[in-house]
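**Q**
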Amino acid sequence: MPATLSFSIKQARRLALAAQGFNGRQPPAAIKPVQLNRLIERLGILQIDSVNALVRSHYLPLFSRLGNYSPELLDQAAWSQGRRRTLFEYWGHEASLLPLSMYPLMRWRMQRATRGEDIYQQLARFGREQQDTIRRVLASVEELGALGAGSLSTRQERAGPWWDWSAEKHALEWLFAAGEVTVAGRRGFERLYDLPERVIPSAILQQPLLTEAEAQRGLLLHAATALGVGTEKDLRDYFRLNPADSRLRLAELVESGELLACEVQSWRQPAYCLPEPKVPRKVESSALLSPFDSLIWERSRTERMFDFRYRLEIYTPQDKRVYGYYVLPFLHNERIAARVDLRAERALGRLAVHAVHEEEPGLDEAGMLALAVNLRQMADWLGLEHVQLNCQRVSADRLRVALASVGGD
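Every letter in the sequence shown is one number past the one before it in the UniProt record's numbering, and letter 154, counting from 1, is 154.
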């Protein structure tokens, strides 16, 4: 089907920024659960990550869009009991928090996991070979309620590094992927697993089971809503669909008119968007972005959209890092204008800036002031008194002046 719509790269950026909640509007002074939930429904997903150099990553996208909100609001939405709980954990885009309304869209993935499909091979093999262990662990959860893997482990030897899981941890992860348990809460960062019927509202669990095709079309539509415009790979990646499923469902959505084919300047692949796209005239927004923010997590899209090549260097040896350990891109007025290596030094009460790297053509004085304001706001949000510059560059000198003007350093 020939494309009937064409966007310049600037128009595509504006569509994407507005779709992702960067609309330039000033959020209310006091962020309430309704604003937080509305934003998460719009995004559809928050990627969870354990690195705590600054703050755990799932808290950052909300700060980037809403400003100074209470992280307890997200904790309540994700891990409380009763009506305040509006989110659940599952494999959405990696480990993720998703709105409860999207639970029915994930049940096909749970069914595939039960069959050992679309999950890690090691976990699939465990599911085939260790059903006795899996049933024993499930019985413990049924009897005792929310449990962490540590409380069930029978291993005697010391755990090894990284993913050296006990049999019970493997069993819980298999049950989680298969939807037979879900995350009821967290103790520190440890998941506590319980039965879905004790966590997920019955009205959601009792909804008719969607076919795989229905659920996948729903996920692609949600991705198109959250991205504004994207290629097949962009839309597929948002909820990590496999290519064969994505291409079939995308063709069906175009045929039904629920998505439109379009072109974006300089993109080699066809793109897709919702009918009647509304391109903002401009998007004036400044924000420090999590490395796992849904605006930039698909790195090839980030390069196409913002001419910005970004790689996380946490696992790169220190002497081989180019930009730093935990580097946040700085979004300013429709472009990613800088990279800032940040650390929360909680014991010293300060937000440490270890490096500032401007992207060509650099930040003008208004842009540098916007970065200073964002750093000061982030320090306040994290309960840190000072913003400490630990770098010596021209950028840092200009930032130091800007911080002084906003009471930051």
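Glycine is no exception: its CB is placed at the ideal position from the N, C-alpha and C atoms. All values derive from a computational prediction rather than experimental measurement.
Compute the Euclidean distance between the alpha carbons of H58 and L46, then round it to the nearest angstrom.
**A** Mapped onto the sequence shown, residue 58 falls at position 58. Mapped onto the sequence shown, residue 46 falls at position 46. Spanning the two alpha carbons is a distance of roughly 6 angstroms.
**Q** I need the DSSP call for S6, collapsed to helix, strand or coil.
**A** By one-based count along the sequence shown, residue 6 stands at place 6. Strand at S6.
**Q** Per DSSP, what kind of secondary structure is W91 in: helix, strand or coil?
**A** Looking up residue 91 in the sequence shown gives position 91. Strand at W91.
**Q** Buried or exposed: where does A16 fall if 16 or more other Cβ atoms within 10 Å of its Cβ makes it buried?
**A** As a working note, residue 16 is residue 16 in the sequence shown. That one is buried.
**Q** Flag this pair as yes or no: are the beta carbons of D341 and Y325 separated by less than 8 angstroms?
**A** Mapped onto the sequence shown, residue 341 falls at position 341. Mapped onto the sequence shown, residue 325 falls at position 325. For D341 and Y325, yes; Cβs fall inside 8 angstroms.
**Q** Using C-beta distances below 7 angstroms, list every residue in its chain close to E180, excluding the 5 sequence neighbours before and after it, in chain order.
**A** Translated into the one-based positions of the sequence shown, residue 180 becomes position 180. Closer than 7 angstroms at the Cβ level, and outside the excluded window around E180, lie L138.
**Q** Is it a yes or a no for the stretch 337–356 touching the stretch 389–400, going by three-plus beta-carbon pairs under 8 angstroms?
**A** Enough Cβ pairs lie closer than 8 angstroms, so yes.
**Q** Suppose the cutoff is 6 angstroms on Cβ atoms and the five residues either side in sequence are ignored; what does the same chain contact list for R112 look like?
**A** Reading the sequence shown from its first residue, position 112 is the one you call residue 112. Once the five neighbours on either side are set aside, the close Cβ partners of R112 are D118.
**Q** For R398, I'd like the list of residues in its chain whose CB is within less than 6 angstroms of its CB, leaving aside the five on either flank, ordered along the chain.
**A** Within the sequence shown, residue 398 is the residue found at index 398, counting from 1. Cβ neighbours of R398 beyond the five flanking positions: M368.
**Q** Considering only their Cβ atoms, is the gap separating V264 from A12 smaller than 8 angstroms?
**A** The residue labelled residue 12 in the question sits at position 12 within the sequence shown. The residue labelled residue 264 in the question sits at position 264 within the sequence shown. Yes, the Cβ-Cβ distance between A12 and V264 is below 8 angstroms.
**Q** Contact between the stretch 91–109 and the stretch 164–172 is defined here as three or more beta-carbon pairs at a separation below 8 angstroms; is this criterion met?
**A** Touching, no.
**Q** By the DSSP assignment, the beta strand (DSSP E) with V183 in it spans what residues?
**A** For the purposes of this step, residue 183 is identified with residue 183 of the sequence shown, where counting begins at 1. Here the beta strand (DSSP E) through V183 covers T182 to R187.
**Q** Which one of I204, Y238, A53 and V34 has the shortest CA to CA distance from R217?
**A** On the sequence shown, residue 217 is found 217 positions in, with the first residue counted as 1. With distances taken between Cα atoms, R217 lies closest to Y238.
**Q** For I31 and Y69, which I take to be in contact (beta-carbon distance under 8 angstroms), what is that distance rounded to the nearest angstrom?
**A** One-based indexing of the sequence shown puts residue 31 at position 31. One-based indexing of the sequence shown puts residue 69 at position 69. So it is a contact: roughly 4 angstroms between Cβ atoms.
**Q** Answer yes if the stretch 85–99 comes into contact with the stretch 226–235, meaning at least three C-beta pairs across the two stretches below 8 angstroms, and no otherwise.
**A** Segments in contact, no.
**Q** Quick check: the stretch 329–343 against the stretch 285–305, are at least 3 beta-carbon pairs closer than 8 angstroms?
**A** Judged by Cβ distances under 8 angstroms, the stretch 285–305 makes contact with the stretch 329–343, as three or more pairs qualify.
**Q** Ignore the nearest five residues each way along the sequence and tell me which others in R343's own chain have a CB closer than 6 angstroms to its CB.
**A** The count along the sequence shown starts at 1 and reaches residue 343 at position 343. These residues qualify, in order along the chain: A53 and A352.
**Q** Distance check for S405 and L375, CA to CA, integer angstroms please.
**A** Within the sequence shown, residue 375 is the residue found at index 375, counting from 1. Within the sequence shown, residue 405 is the residue found at index 405, counting from 1. Whole-angstrom Cα-Cα distance: 13 angstroms.
**Q** Considering Cα atoms alone, identify which of L235, G127, S300 and L382 is closest to A177.
**A** The sequence position of residue 177 within the sequence shown is 177, counting from 1. If we check each option's Cα against that of A177, G127 comes out closest.
**Q** Within 10 Å of its beta-carbon, does T302 have 16 or more other beta-carbons around it, so buried, or fewer, so exposed?
**A** The sequence position of residue 302 within the sequence shown is 302, counting from 1. Buried, by the Cβ-count rule.
**Q** The ligand NAP and S294: does the residue's C-beta get closer than 7 angstroms to at least one heavy atom of that ligand?
**A** As presented, the structure is devoid of all ligands, the ligand NAP included, so that no description of it is given.
**Q** Taking 8 angstroms as the cut-off, does the stretch 181–193 touch the stretch 78–94 (at least 3 CB pairs, one atom from each stretch)?
**A** Yes: at least three Cβ pairs fall under 8 angstroms.
**Q** What residue range is occupied by the uninterrupted alpha helix (DSSP H) comprising L219?
**A** Stepping through the sequence shown from its first residue, residue 219 is reached at position 219. Taken as a continuous stretch (DSSP letters only), the alpha helix (DSSP H) holding L219 covers E212 to L227.
**Q** Return yes when the Cβ of R109 is within less than 8 angstroms of the Cβ of W91, no when it is not.
**A** Counted from its first residue, the sequence shown places residue 91 at position 91. Counted from its first residue, the sequence shown places residue 109 at position 109. Yes. Within cutoff.
**Q** Report the partner residues of E345 according to the DSSP bridge assignment.
**A** Looking up residue 345 in the sequence shown gives position 345. Its beta-bridge partners are R350.
**Q** Around the C-beta of T86, are 16 or more other C-beta atoms found within 10 angstroms, so that it is buried, or is it exposed?
**A** Counting from 1 along the sequence shown, the entry for residue 86 is found at position 86. Looking at its Cβ environment, which holds 16 or more other Cβ atoms inside 10 Å, T86 is buried.
**Q** Between residue 410 and the rest of its own chain, which residues show a CB-CB distance below 8 angstroms, the 5 nearest in sequence each way excluded?
**A** Absent from the structure is residue 410, since the part of the chain shown begins at 1 and ends at 409.
**Q** Within the same chain, show all residues whose beta-carbon is closer than 6 angstroms to that of R14, passing over the 5 residues directly before and after it, in chain order.
**A** In the sequence shown, the residue the question calls residue 14 occupies position 14. Closer than 6 angstroms at Cβ, skipping near neighbours: V279, P280 and V283.
**Q** When you compare only the Cα positions, how much space is there between W162 and F88?
**A** By one-based count along the sequence shown, residue 162 stands at place 162. By one-based count along the sequence shown, residue 88 stands at place 88. Unreliable placement is indicated for W162, whose pLDDT of 35 sits below 50; the coordinate value is still reported in the next sentence. Rounded to whole angstroms, W162 to F88 spans 25 angstroms at the Cα level.
**Q** Which ranges does the alpha helix (DSSP H) cover as unbroken runs of at least 4 residues, wholly within the stretch 48–132, from first to last along the chain?
**A** Whole alpha helix (DSSP H) segments, 4+ residues: 60–66, 71–79, 103–114 and 121–129.
**Q** Taking just the CA atoms, how far does G349 sit from M378?
**A** For the purposes of this step, residue 378 is taken as the residue at position 378 of the sequence shown. For the purposes of this step, residue 349 is taken as the residue at position 349 of the sequence shown. Distance between the alpha carbons of M378 and G349: 13 angstroms.
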